[in-house]
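Novice: I am attaching a structure below and will ask some questions about it afterwards.
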Amino acid sequence: MAEGQVYKIHSDFYYIDNGLEFFECKVREVLKKRKDKILVGDFVIFNDGYIEEIIPRKNFISRPAVSNIDQIIIVSALKEPDLSLTQLNRYIALAKYYNIEPVLCFNKDDLEFERGLKKRIHDIYESTLGYKIVYTSAIEHNGIKAFEKLLKDKTSVLCGNSGVGKSSLVNAINPDLNLRTKEVSEKTQRGTHTTRHCEIIKLNDTSRIVDTPGFSNVRFDFILPADVDLLFDEIAELRDGCKYADCLHFHEDGCNVLANLDKIDDTRYDSYLAFVEEAKEYKEKVKYEGRKIEYSKKILHNREVVKISGKKRQSARNTRKQSYRNLGVEEE
Ligand SMILES: Nc1nc2c(ncn2[C@@H]2O[C@H](COP(=O)(O)OP(=O)(O)OP(=O)(O)O)[C@@H](O)[C@H]2O)c(=O)[nH]1
Ligand SMILES: [Mg+2]
Ligand SMILES: [Zn+2]
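Under my numbering, read the sequence shown as residues -2 to 329, first letter to last.
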């Protein structure tokens, strides 16, 4: 019996690192039948070329599917492709849903981008929301030291659309890794994913990074509309002051969010409204299937937020073992 961490999965093969050596394993049939599939990042017990058991996870995210992580780095490009704040808000909201703090990395700082863009980013995401921000150029090696510092002693997952430069950033830190990146001449092509699998990469003795394939098709059709405000820090802060507990902050009477709309950036509020529309699809689905979900108990990924009395909320313990199913997230 030995213990190690799954750092890569290729079809039926699981690659395990026990800190000293690497192993290639398969999974016992009994374990395969269980609902929670083994993820990259899982610590497992293995024996004789077979994984026997998954050690309970600290946390996990499902897009991309990785467990036991410390932070999510959302990588965007300042140009090529043009920065979309809606898309950035989507990734931030997703990180919030997973209850893992996001760090924002804006790459391709060497290109010429819209004037005033950095100030805009600073105003919304740094001064108002307090997220850590780093500007980088993987090509010219700018900001790479600051980026590396953010990764120290952590397991970080890189998230962001295809082509923003996630793999290029990892290569910039450690050129020996030589990860596949898109050829420069191909960079205007869309929808081609250069990185195909999630893999935990050791940058040095303590920092690990998970390079992931870009994805851009996340929709918030797995949570209830009245929960979407919890994914926006500045709206979540105001929601308890609303007259109705299930206020959607659209045009309701006594809405504290609407009363404070001047404090919320327009693009943030617009993204909020767009995600609520997507969440309505989930509500319809739940209604159609006759599943009972109480509004007073709001369940989000990696933690439970329970309404204690009236509108008071309190973060409950981190749930350790969860299944995809009762969180309403489709298995991938
Ligand atoms: N000008 C400029 N180009 C960059 C920079 N970083 C990456 N690129 C280019 O952007 C393209 C995409 O880079 P990748 O590192 O493959 O992007 P990715 O995010 O890993 O993409 P997927 O693996 O498909 O998700 C390549 O042509 C890189 O050379 C940068 O800082 N500046
Ligand atoms: Mg890549
Ligand atoms: Zn409201």
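Idealized CB from N, CA, C, for every residue including glycine.
#1: With DSSP as the reference, please indicate the residues paired to Asn44 in a beta bridge.
#2: Express the C-alpha separation of Arg205 and Ser153 in angstroms, rounding to a whole number.
#3: Of all the options Glu137, Lys23, Glu196, which has the alpha carbon lying nearest to the alpha carbon of Asn44?
#4: Is DSSP giving Leu101 helix, strand or coil here?
#5: Going by alpha carbons, who is nearest to Glu234 out of Asp226, Ala62, Ile136?
#6: Between Glu123 and Asp33, what straight-line distance do the alpha-carbon atoms span, to the nearest angstrom?
#7: Which of the three DSSP states is assigned to Asn15 in this structure?
#8: Drop a sphere of 10 angstroms on the beta-carbon of Ser8, count the other beta-carbons inside from all chains shown, and report buried for 16 or more, exposed for fewer.
#9: Give the DSSP-derived three-state secondary structure of Phe10 in the structure shown.
#10: Would you check whether ligand 3 has a heavy atom nearer than 6 Å to the C-beta of Val254?
#11: Measure the beta-carbon distance from Leu108 to Glu77 and round it to whole angstroms, keeping in mind my assumption that it falls under 8 Å.
#12: Helix, strand or coil, according to DSSP, for Ile121 in the structure here?
#13: State buried or exposed for Asp39, treating a residue as buried only when at least 16 other CB atoms are found within 10 Å of its CB.
#14: Does the separation of the CB atoms of Lys163 and Leu155 fall below 7 Å?
#15: According to DSSP, is Lys240 helix, strand or coil?
#16: Below 6 Å CB to CB, which residues in the same chain sit around Ser268 once its five sequence neighbours on both sides are set aside?
#17: Less than 6 Å between the CB of His246 and some heavy atom of ligand 4, yes or no?
#18: Got a sec? Which residues, its chain only, sit under 8 Å from Gly16 by beta carbon, not counting five neighbours each side?
#19: Please confirm whether any heavy atom of ligand 1 lies closer than 6 Å to the CB of Gly46.
#20: Could you check if Ser164 belongs to the surroundings of ligand 2, using beta carbon to heavy atom distance under 6 Å?
Specialist: According to the structure data:
#1: Tyr47
#2: 6 Å
#3: Lys23
#4: strand
#5: Asp226
#6: 37 Å
#7: coil
#8: exposed
#9: strand
#10: yes
#11: 6 Å
#12: helix
#13: buried
#14: yes
#15: coil
#16: Thr83, Asn86
#17: In the structure on display, ligand 4 does not appear, and the ligands it does have are ligand 1, ligand 2 and ligand 3.
#18: Gly1
#19: no
#20: yes
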